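Residue numbers (the working numbering): 16 to 316.
Below, the structure written as structure tokens:
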């Protein structure tokens, strides 16, 4: 990446410290970081890959998502597994396959998204493949009129912090949908009251209320070399704790068609094909690794 200001420079101290922070959070929050794949935005330089490997993530489980073809080709040339397509489409494609997703990492470097993006994120989180996933997102502070509605509602609680604002918006989508429909699963008034009470603690207008909550949410901020502030959030999948909060299993919710609303949504053929190819390549790498280990054991014997 250019260092002369002609292009955004992603290689500087604060950004590198933040990048290590993000992968550290995923490593500490995941019960088994080898159990599924990590989906992230690598760009051409793929600065995350080396850090992820140093934190104990394995090569064949690191899968990038890139829309820019030249960046895609450069990342692949350096050994990366990269899906060609939109980030959320790729998350949906992988989560609907037989491969589990452990970490969804969106270093968007843009402002708060439009409300539709919150629905995309919650629909992706509702899929079986992401049930135990950790999510981490990074947003630029300022110049984000698409986030005006979320800011107008939640800024009195979260201030200007885009990571906290995003999580408030995301949880409002989750809570409104689930509380409205849980009774269709046979939830009693007592169960609904327990659900509302426990999740209210997550949405309390105090920063410490997030820490140690059901979501295990964590936040960070850093400043770029041009003075721009970026805010991030890292948290556990809210759908992954439905049963502990309500007594109703996630499978019951799915059978009642309360979640996974994009079941009939047609994902782009380009992204589907690219995902299948990358996952097949991942399987090949895994088989090679297994064969190498077996050969090493035999040679020692």
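By construction, the Cβ of each residue, glycine as well, lies at the ideal position given by its N, Cα and C atoms. Note that the structure is predicted; figures quoted are calculated from it, not measured.
Excluding residues up to 5 positions away in sequence, 229 and 230 lie with their Cβ nearer than 8 Å to the Cβ of residue 256 in the same chain.
Residue 150 and residue 306 have their alpha carbons spaced roughly 32 Å apart.
In the displayed model, residue 131 falls within a helix according to three-state DSSP. Within the DSSP bridge table, the entry for residue 68 names no partner.
The beta carbons of residue 139 and residue 115 sit no closer together than 8 Å.
In the three-state DSSP reduction, residue 265 falls in the helix class (H, G or I). Collapsing the DSSP output to three states places residue 293 in a helix. The residue among 101, 118, 125 and 258 with its C-alpha nearest the C-alpha of residue 73 is 118.
Distance from the CA of residue 187 to the CA of residue 253, rounded to the nearest whole angstrom, comes to 11 Å. C-alpha of residue 237 to C-alpha of residue 146: approximately 29 Å in a straight line. Residue 122: member of the beta strand (DSSP E) spanning 116-125, first to last residue. The three-state reading of DSSP puts residue 81 in strand, counting E and B together.
For residue 159, the CB contacts under 6 Å within the same chain, skipping 5 residues up- and downstream, are 126 and 127 in chain order. Under the three-state reduction of DSSP output, residue 99 falls in the strand class. Residue 31: member of the alpha helix (DSSP H) spanning 28-44, first to last residue. Between residue 45 and the set 284, 32, 249 and 80, the nearest pair of CA atoms involves 249. By the criterion of a C-beta distance shorter than 6 Å, residue 178 is surrounded in its chain by 234, 246, 247 and 248, once the five residues flanking it on both sides are discounted. By the 16-neighbour rule on beta-carbons within 10 angstroms, residue 148 is buried. Here DSSP, grouped into helix, strand and coil, assigns residue 148 to coil.
Each residue's CA atom was taken as its position, placing residue 80 and residue 36 some 21 Å apart. A residue is called buried once 16 or more other Cβ atoms fall within 10 Å of its Cβ, and residue 47, having fewer, is exposed. Nearest in C-alpha terms to residue 190, of all of 83, 133, 302 and 284, is 133.
Taken through DSSP and simplified to helix, strand or coil, residue 136 comes out as helix. Residue 173 carries a helical assignment under DSSP once its states are collapsed to helix, strand and coil.
For residue 61, there is no enclosing beta strand (DSSP E), as DSSP marks it with neither H nor E.
Looking at 83, 303 and 103, the one whose alpha-carbon comes closest to that of residue 281 is 103.
Taking the CA atoms as reference points, residue 166 sits about 8 Å from residue 175. Residue environment for residue 287: buried (at least 16 other C-beta atoms within 10 angstroms of its C-beta).
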